[in-house]
Ligand SMILES: [Ca+2]
Ligand SMILES: [Ca+2]
Ligand SMILES: [Ca+2]
Ligand SMILES: [Ca+2]
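Numbering (the numbering used here), first residue to last: 12 to 265.
See below:
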């Protein structure tokens, strides 16, 4: 009896620890995401730490004539990576980009867009910047988390796959902690790190898609959380039960 409890307990511990959340600090350093960016070059880095429960978009790549897709502009417009992870209380995100918070006049930095339910409707915006054409004149709360009624599109129609760009009209519902910092490890090219933590109470779901771009829409990144379906959690749960029952039978026989 003691042994079956031990084995069932060990299995549960393994299951729980494999899903344990990272401890994220909003400091403009991605070592807490399992990334050592000190030796990262301008392009072609691997931004996937290979950790279960960290959802990764990466496209750290510049093509001919500065193509970053769908537009041009090189490293200065490169959206290199977006990482998401969840704990019981927060959705954490990290973005690496060559685009600064104050924009590259006349192009402004976009808001981070959230699609709750991953159903194609963009519900919320996190405002990272109030810079418009180089002046911080946009009448919004920086760090504001807004329920969005309408979005502004990126400037170039042919870059519409980068949409949405930023909130046009919305209601402020909370102020969120975030950082948008210059890469602390190198000065040879443009790279900025954004980190934010959004309370799950505000989102109301852990099924979330995140999009980020800039006004011209030259480049964008998009990533969604991919949680196990309730069915597969049930499956794992019943697997543990079956295992424990088998153990009990075995030790009863012994
Ligand atoms: Ca950090
Ligand atoms: Ca790059
Ligand atoms: Ca890119
Ligand atoms: Ca939605």
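Beta carbons are placed, not taken as given, at the ideal position from N, Cα and C, and that holds for glycine.
None of these values were measured; they are calculated from a predicted model.
Beta-bridge partners of residue i, as assigned by DSSP
{"i": "residue 186", "result": "155"}
{"i": "residue 191", "result": "205"}
{"i": "residue 235", "result": "220"}
{"i": "residue 120", "result": "225"}
{"i": "residue 69", "result": "92"}
{"i": "residue 43", "result": "Answer by DSSP bridge pairing: none, since residue 43 is not bridged."}
{"i": "residue 83", "result": "78"}
{"i": "residue 64", "result": "Residue 64 is not bridged to any residue."}
{"i": "residue 181", "result": "159"}
{"i": "residue 143", "result": "146"}
{"i": "residue 230", "result": "81"}
{"i": "residue 171", "result": "Per DSSP, none; premise fails for residue 171."}
{"i": "residue 268", "result": "For residue 268 there is no data in the structure shown, the boundaries of the chain being 12 and 265."}
Opening and closing residue of the beta strand (DSSP E) in which residue i lies
{"i": "residue 95", "result": "90-97"}
{"i": "residue 126", "result": "123-127"}
{"i": "residue 101", "result": "101-108"}
{"i": "residue 136", "result": "135-137"}
Near ligand 1: residue i beta-carbon under 7 angstroms from a heavy atom
{"i": "residue 187", "result": "no"}
{"i": "residue 36", "result": "yes"}
{"i": "residue 41", "result": "yes"}
{"i": "residue 206", "result": "yes"}
Beta-carbon contacts of residue i that lie in its chain and below 6 angstroms, excluding the five residues immediately before and after
{"i": "residue 105", "result": "41, 44, 94, 206"}
{"i": "residue 175", "result": "124, 133, 162"}
{"i": "residue 46", "result": "60"}
{"i": "residue 173", "result": "165, 224, 228, 231"}
{"i": "residue 149", "result": "141, 143"}
{"i": "residue 98", "result": "32"}
Residue i beta carbon near ligand 4 (any heavy atom closer than 7 angstroms)
{"i": "residue 126", "result": "yes"}
{"i": "residue 132", "result": "yes"}
Ligand 3 heavy atom lying under 7 angstroms from the CB of residue i
{"i": "residue 89", "result": "yes"}
{"i": "residue 5", "result": "What is shown of the chain runs 12 to 265, which leaves residue 5 out entirely."}
{"i": "residue 274", "result": "An answer regarding residue 274 cannot be provided, because it is not within the stretch 12 to 265 covered by the chain."}
{"i": "residue 230", "result": "yes"}
{"i": "residue 79", "result": "yes"}
Contact test: residue i Cβ vs ligand 2 heavy atom, cutoff 7 angstroms
{"i": "residue 73", "result": "yes"}
{"i": "residue 158", "result": "no"}
{"i": "residue 54", "result": "yes"}
{"i": "residue 237", "result": "no"}
Neighbourhood of residue i by C-beta, 7 angstroms cutoff - its chain only, sequence neighbours within 5 removed
{"i": "residue 115", "result": "87"}
{"i": "residue 216", "result": "127, 128"}
{"i": "residue 213", "result": "156, 184, 185"}
{"i": "residue 210", "result": "100, 101"}
{"i": "residue 147", "result": "141"}
{"i": "residue 107", "result": "58, 91, 92, 202, 204"}
{"i": "residue 236", "result": "66, 95, 97, 217, 218, 219"}
{"i": "residue 83", "result": "76, 77, 229"}
{"i": "residue 49", "result": "196"}
Same chain, Cβ closer than 8 angstroms to residue i, five either side skipped, listed in chain order
{"i": "residue 158", "result": "134, 135, 181, 182, 184"}
{"i": "residue 37", "result": "188, 189, 190, 206, 207, 208"}
{"i": "residue 55", "result": "71, 72"}
{"i": "residue 74", "result": "80"}
Residue i, enclosing alpha helix (DSSP H) - first and last residue
{"i": "residue 211", "result": "211-214"}
heavy atom of ligand 5 below 7 angstroms from residue i C-beta
{"i": "residue 109", "result": "Ligands present in the displayed structure are limited to ligand 1, ligand 2, ligand 3 and ligand 4, and ligand 5 is not among them."}
Interface flag, residue i vs chain C, CB-CB below 8 angstroms
{"i": "residue 211", "result": "No chain C is present in this structure, which holds just one protein chain."}
For the 8 angstroms Cβ check, are there 3 or more pairs between the segment 192-199 and the segment 74-90?
no
Three-pair Cβ contact test at 8 angstroms for the segment 123-132 versus the segment 65-75:
no
Okay, do the segment 136-150 and the segment 118-128 touch, 3+ Cβ pairs below 8 angstroms being the bar?
yes
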